[in-house]
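Taking it in order: structure first as structure tokens, then the write-up.
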Amino acid sequence: MAKTDKKYLTTYKSFTEYLHKNKIPPVLLLSINEKVLIDDIIKTAAEKFAENSVNIIIYFNADEKVIEDIVNECSNFGLFSEKKVVVLRNVNKLSKNEKLAMIEYFKRVNEDTCLIMISSEIEFNPAKIFLYDVKEDSQKAEVNKKVIEKNVMIFEIEDFSEPDTIAWVREKFDGYKIDDSSIKYFLQFSNYSFDELLTEIEKLKTYCFQSKEITPDIINLCNGIAKDFNETDFIMAVMERKLEKALLIYERISLKKDVEVFLIFLLTSAFTIINKLYDPAVSSLKEWQLKKELKLWFPDQEKLLPSYRSFKNTNEREKIKKIFNYIYESDKIMKTTASDKRTNMYILINRICCI
2 MAKTDKKYLT TYKSFTEYLH KNKIPPVLLL SINEKVLIDD IIKTAAEKFA
52 ENSVNIIIYF NADEKVIEDI VNECSNFGLF SEKKVVVLRN VNKLSKNEKL
102 AMIEYFKRVN EDTCLIMISS EIEFNPAKIF LYDVKEDSQK AEVNKKVIEK
152 NVMIFEIEDF SEPDTIAWVR EKFDGYKIDD SSIKYFLQFS NYSFDELLTE
202 IEKLKTYCFQ SKEITPDIIN LCNGIAKDFN ETDFIMAVME RKLEKALLIY
252 ERISLKKDVE VFLIFLLTSA FTIINKLYDP AVSSLKEWQL KKELKLWFPD
302 QEKLLPSYRS FKNTNEREKI KKIFNYIYES DKIMKTTASD KRTNMYILIN
352 RICCI
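Structure (structure tokens):
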């Protein structure tokens, strides 16, 4: 972004702090090109400016050539009369006459309206936007300049530094546990597009709604760079009550094949084994005898045995009966109705992991 006047430069953090701490001015000119950040700024300004009144945000685009509607709306001659925020995008694309009409409005601004003008141009030049650069008539230029300096607050938002980006991401993960190292790891998989970052943040928050914690392992799963998980990994995650991991593994393996019926079969087998382990005579068996009694024939079943024992040791037998009921209900729904398999599996996994 080319800089024309350093006095307007500010960081996003400093600017948002300004909005929170000060009275919102009736006219703002902002240079910023990230839509997500623009939306955040407009929301913050509107909430502060409207106070207890009805919060109304009205959008215009300079390309649409509706200068009369813009001025009328700012002057409260529009449909609404409460405090409101009027947003004018691409302000630099106003024609000369439209810019002059805006300058006339600046002379007598309406204190009940907050006009936010957005410039997304690479080169930000307020003098060129509002006709007081050297190419204009010097007398008119000086008059326009005085009007702008008196009535318009101008801010040019600098590009985010790494600390700024980390702080912004942490703010968007509000209510979730995530440390700086995990945020930096998360940022490795983005191209620093704020739209993309926000989408990925919301996806991670959805996956981790139960634990409220974002870790590199979860980030790996969401970005599809984790190992090629199989059904055994799914059962292991359920036994460990790692809800988000179990859901993510299910999503991964279900993309490749219809796996729901087989997973229900494996869950039934797993909890049948756990139920048998409550019998001291069975639990004390060794090696081949135990393998025969528990029917540990499937690949990796023996690897799961420590997880089965752990689940048994941390849960009363009554809970196992409830889990069997959950599995039976899900199996019946899948076989007798045209229900959404994915939703049904989500409900079953959540029930087992959160019992």
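If you read the sequence shown in my numbering, its first letter stands for residue 2, the second for the next number, and so on. For each residue, glycine too, the CB sits at the ideal point set by N, CA and C.
Cα-Cα separation between residue i and residue j, rounded to whole angstroms
| i | j | result |
| --- | --- | --- |
| THR200 | ALA142 | 44 Å |
| ALA247 | ILE43 | 39 Å |
| PRO217 | ASN62 | 41 Å |
| ILE119 | ILE202 | 26 Å |
| TYR279 | ALA271 | 13 Å |
| MET335 | ASP180 | 40 Å |
| ALA51 | ILE123 | 31 Å |
| LEU188 | ASP160 | 16 Å |
| THR338 | SER121 | 53 Å |
| ASN111 | LYS84 | 10 Å |
| LYS4 | ASP113 | In this prediction, LYS4 scores a pLDDT of 46, lower than 50, which makes its location untrustworthy; no coordinate-derived value is stated. |
| LYS49 | MET346 | 44 Å |
| GLN211 | LEU268 | 21 Å |
| GLU303 | ALA282 | 19 Å |
| LEU184 | LYS206 | Residue 184 is actually Ile in this sequence, not Leu. Roughly 13 Å between the two C-alpha positions. |
| THR91 | GLU172 | A small correction: the amino acid at residue 91 is Asn; Thr does not occupy that position in the sequence shown. About 28 Å. |
| LYS108 | GLU74 | 16 Å |
| LEU291 | THR273 | 14 Å |
| LYS66 | ILE25 | 27 Å |
| LYS204 | PHE174 | 11 Å |
| GLU241 | TYR309 | 9 Å |
| SER15 | TYR208 | 32 Å |
| GLY79 | TYR106 | For GLY79, the predicted model reports a pLDDT of 49, less than 50, meaning its position is unreliable and no value from the coordinates is stated. |
| VAL260 | ALA238 | 16 Å |
| ILE215 | TYR19 | 31 Å |
| THR45 | PHE325 | 50 Å |
| TYR133 | SER32 | 18 Å |
| SER284 | SER194 | 55 Å |
| GLU99 | SER162 | 36 Å |
| ILE321 | GLU330 | 14 Å |
Nearest-angstrom Cβ-Cβ length linking residue i and residue j, presumed shorter than 8 Å
| i | j | result |
| --- | --- | --- |
| LYS178 | LYS213 | 6 Å |
| ILE254 | LEU305 | Not confirmed; about 16 Å, so no contact. |
| ASP58 | ALA47 | Reading off the sequence, residue 58 comes out as Ile, not Asp. Right, their Cβ atoms sit about 5 Å apart. |
| LEU30 | PRO127 | 6 Å |
| CYS354 | LEU244 | 4 Å |
Residue from the options whose Cα sits closest to the Cα of residue i
| i | options | result |
| --- | --- | --- |
| LYS8 | ASN111, PHE125 and ASN62 | PHE125 |
| PHE190 | ILE219, ASN276 and TYR133 | ILE219 |
| LYS323 | THR166, ARG352, PRO27 and LEU267 | ARG352 |
| SER182 | TYR309, VAL170 and ARG343 | VAL170 |
| ASP301 | ASP259, ILE33, THR233 and ASP40 | THR233 |
| ASP165 | CYS354, LYS100 and THR11 | THR11 |
| PRO27 | ASP40, ASN77, ILE33 and ASP70 | ASN77 |
| GLU317 | ILE275, THR344, SER284 and LEU286 | ILE275 |
| ILE167 | GLY176, LYS151 and TYR186 | TYR186 |
| LEU249 | PHE230, PHE263 and VAL262 | PHE230 |
| ILE356 | LYS151, GLU319, ARG343 and THR344 | GLU319 |
Sub-8 Å separation of residue i and residue j beta-carbons
| i | j | result |
| --- | --- | --- |
| ILE149 | ALA102 | no |
| GLU294 | LYS277 | yes |
| PHE156 | ASN145 | no |
| ASP341 | ILE265 | no |
| ASP196 | LYS36 | yes |
| ASP64 | LYS94 | yes |
| ILE158 | TYR13 | yes |
| ILE328 | LEU297 | no |
| VAL86 | CYS115 | yes |
| LEU89 | ILE104 | no |
Boundaries of the alpha helix (DSSP H) in which residue i is found, first to last residue
| i | result |
| --- | --- |
| LEU249 | 244-255 |
| ASN98 | 97-108 |
| LYS304 | 302-314 |
| VAL67 | No alpha helix (DSSP H) holds VAL67; DSSP gives it neither H nor E. |
| GLU214 | From DSSP, GLU214 is part of no alpha helix (DSSP H); its letter is neither H nor E. |
| THR12 | Unbroken run through THR12: none, as it is neither H nor E. |
| ASP181 | 181-188 |
| CYS355 | Where CYS355 is concerned, there is no enclosing alpha helix (DSSP H), given that its DSSP letter is neither H nor E. |
| LEU268 | 261-278 |
Residue interval of the beta strand (DSSP E) (run including residue i)
| i | result |
| --- | --- |
| LYS60 | Before going on, a small fix: residue 60 reads as Tyr here, not Lys. Run containing TYR60: 57-62, per the beta strand (DSSP E) assignment. |
| SER120 | 114-120 |
| LEU29 | 28-32 |
| LYS206 | Segment 195-208 is the alpha helix (DSSP H) holding LYS206; no beta strand (DSSP E) there. |
| ILE155 | 154-158 |
| LEU89 | 85-90 |
Below-8 Å beta-carbon distance, residue i vs any chain C residue
| i | result |
| --- | --- |
| PHE187 | Chain labels in this structure do not include chain C; a single protein chain is all it has. |
Heavy atom of the ligand FMN within 7 Å of residue i beta-carbon
| i | result |
| --- | --- |
| ASN73 | Absent from the structure shown: the ligand FMN. Ligands present: none. |
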